[in-house]
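Input: a single structure, listed below in structure tokens.
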Amino acid sequence: TIDSRAGLKKKGVAIMGGTFDPIHNGHLRTAVDILDGYQYANLRLIPCFQPVHKRQPSITPQQRLDMVKLAISSHDGLLVDDREITREGPSYTADTLREIRAQIGPDEPLVMVLGMDSFLSLPTWHNWQDLIKYAHLFVVSRPGWEPDLISELSSFSENYRASSPHELQCMPSGLVWFETLTPLGISSSMIRSLARKDKSIAYLLPEPVQNYIEKHQLYR
Ligand code: ATP
Ligand code: MG
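Counting from 2, one number per residue, gives the positions in the sequence shown under UniProt numbering.
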């Protein structure tokens, strides 16, 4: 595809996995910053079926998926990929990246966007050393999380660090890039906690998602 504004060829697949319990403006603004700042044709949000590293959600995977769809319905370039929900079982990122890699072929750049908090937990992920074989890691800062790189991750980051974000579009996988985008101190747990206390969740997430939460009385 051709970017009409810049006249540049768009290349590569950007993805962002998450529990999205619920999706919020921290996720969405990060996704929009990536779409606007780099030449990816689109960004796929991939809600997990069963998170591996945290408490199981109190709502169904279908409800989390519904909210992702509501959040992105009017935004060009943001897509939802429901493969983890369709696959069921524990949602291992390594399985997802392997599947996407098989579909897009060996040469297309694949970029996984993740927040600093997720990156810091990487050494606990299933087959985490394999992730970089399938994709680049695009790590975005998150208020409250410092790149306090413990030994294993600091050598990993140094070994794979890209020299510029654009290098990620010149090869299929294997690089790590750290970026500060719009810093928003919003989390799903904050929203669930407000809803539980019957406080307003307005302006933390898109209005259609807020309405869905209220209509279905989620997180009460
Ligand atoms: P919870 O509070 O339940 O842990 P969360 O807000 O961390 O939820 P997730 O669905 O776990 O949301 O996050 C999915 C991905 O989005 C992760 O890589 C996470 O680091 C990133 N992310 C979430 N919120 C933000 C934010 N405000 N800024 C930057 N990245 C974020
Ligand atoms: Mg979290």
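Virtual Cβ for every residue (Gly too), placed ideally from N, Cα, C.
Residue range of the alpha helix (DSSP H) that includes residue i
i	result
Gly-38	26–38
Val-153	Reading the sequence as shown, one finds Glu at residue 153 and not Val. Per DSSP, Glu-153 belongs to the alpha helix (DSSP H) from 152–161.
Arg-221	Looking at the DSSP string, Arg-221 is not in any alpha helix (DSSP H), and its letter there is neither H nor E.
Phe-120	117–121
Leu-176	That residue, Leu-176, is in no alpha helix (DSSP H); it is neither H nor E in DSSP.
Ile-47	First-last for Ile-47: 44–48, but that is the beta strand (DSSP E), not the alpha helix (DSSP H).
Glu-85	84–88
Ser-165	Segment: none, Ser-165 is in no alpha helix (DSSP H) and carries neither H nor E.
Tyr-135	129–135
Thr-94	94–105
Neighbourhood of residue i by C-beta distance below 6 Å, restricted to the same chain and skipping five residues each side
i	result
Glu-180	Val-141
Ile-187	His-25, Asn-26, Gly-27, Leu-205
Pro-62	Phe-50, Ile-86
Contacting residues, own chain, Cβ-Cβ under 8 Å from residue i (five flanking each side not counted)
i	result
Glu-153	Pro-124
Residue i in three-state terms, based on DSSP
i	result
Val-140	strand
Lys-70	helix
Lys-10	strand
Gln-51	strand
Inter-residue CB distance, residue i and residue j (contact presumed, cutoff 8 Å)
i	j	result
Glu-85	Phe-50	5 Å
Gly-18	Ile-47	5 Å
Leu-80	Arg-45	5 Å
Ile-133	Gly-106	Not a contact, Cβ separation roughly 18 Å.
Residue range of the unbroken beta strand (DSSP E) whose run includes residue i
i	result
Met-17	14–19
Val-81	79–81
7 Å CB neighbourhood of residue i in its chain, flanking five on each side removed
i	result
Gln-130	none
- Task: Indicate whether the contact test is met: 3 or more Cβ pairs, each with one atom in the region 102–111 and one in the region 131–139, closer than 8 Å.
- Result: Touching, yes.
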